[in-house]
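A.B. asks: If you scroll down you'll find the structure; I have some questions about it.
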Amino acid sequence: MANLCKVVKVCRAKCTAHFTTSIIRGAGCNWMVCLAIWLQMIATEPISKFIMIWLPIELFISSGFDHLVVNEFLIPAGIMVGGKYYDDRCNWGNAFWYNFLPVTLGSIVGAWFLVFPFWLINKDGWRAGLKQQKAV
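Numbering-wise, the numbering used here puts 203 at position 14 of the sequence shown, and it's gapless, one number per residue.
What follows is the structure, encoded as C-alpha cells:
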C-alpha cells in the first residue's frame, strides 16, 4: 500500500509542476542522457562503459530531472491507482499540459542548446578517432 501512495504522490507532483520548471527538468535530463552516451563511447573496458553510463543517469535521477518515458509510466500509474481521488489535479489534461508537453520541449531545447554545440566542437576529434580505428 505504501508504494501506491508513493506513485500517487509522484503523479501529483508531476501533474502540478510549473510549465517552465518541467522544461528545465526535461533539458537537464536530455543533457545527462547524452552525456552518458558520450562517456560510454570514450570508455574502453566493459566495466568502465557501465560506470560511464550509470553515473550521469544516477545524477539525473537524484537531481529530479524529468525523463518523458519514465513520466509516461509514472503518471498513468498514479492516475490508475486513484490519484484523481487524492487530488483533482491528477488527470490526463494536466499530465499532458504540465508534464508531457513541457518535458518534450525541454528535451528539444536540451538537445539544441546543451548537446549539439558540444558535438559541433568535438566532432572532428571523434571522426579522426574513427578513421584511426579503421586504419588499424
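Glycine included, every Cβ here is placed at the ideal spot set by N, Cα and C.
DSSP three-state label for I205, please.
C.D. replies: Here residue 205 is Thr; the residue named in the question, Ile, does not match the sequence. Looking at T205 - three-state DSSP - the assignment turns out to be coil, as it is neither helix nor strand.
A.B. asks: Let me check understanding here. Comparing Cα to Cα, which of A232, N280, S211 lies closest to S333?
C.D. replies: This structure gives no information on residue 333, because the portion of the chain shown stretches from 190 to 325.
A.B. asks: Out of A284, N311, F254, C223, point me to the one whose CA is closest to I264's CA.
C.D. replies: Among A284, N311, F254, C223, the Cα nearest to that of I264 is on A284.
A.B. asks: Contact defined as beta carbons within less than 8 Å: I believe V292 pairs with R214. What is the distance between those atoms, to the nearest angstrom?
C.D. replies: Indeed, because the Cβ distance is near 7 Å, the residues count as touching under 8 Å.
A.B. asks: Beta-carbon separation of R191 and Y287 under 8 Å?
C.D. replies: First, the residue type needs correcting, since residue 191 is Ala and not Arg in the sequence shown. Their beta carbons are not under 8 Å apart, which means A191 does not touch Y287 by this criterion.
A.B. asks: Hey, could you find the ends of the alpha helix (DSSP H) A300 is sitting in?
C.D. replies: No alpha helix (DSSP H) holds A300; DSSP gives it neither H nor E.
A.B. asks: Going by the beta-carbon positions, is the gap between G295 and A216 smaller than 8 Å?
C.D. replies: A contact, by the Cβ cut-off of 8 Å.
A.B. asks: Indicate the three-state DSSP secondary structure (helix, strand or coil) for N260 in the structure shown.
C.D. replies: If DSSP states are grouped into helix, strand and coil, N260 belongs with the helices.
A.B. asks: In or out: P306 buried (at least 16 other Cβ within 10 Å) or exposed?
C.D. replies: Per the 10 Å Cβ criterion, exposed.
A.B. asks: Alpha carbon to alpha carbon, how far is W220 from V304? Give it in angstroms, no decimals.
C.D. replies: Straight-line Cα distance between these residues: approximately 6 Å.
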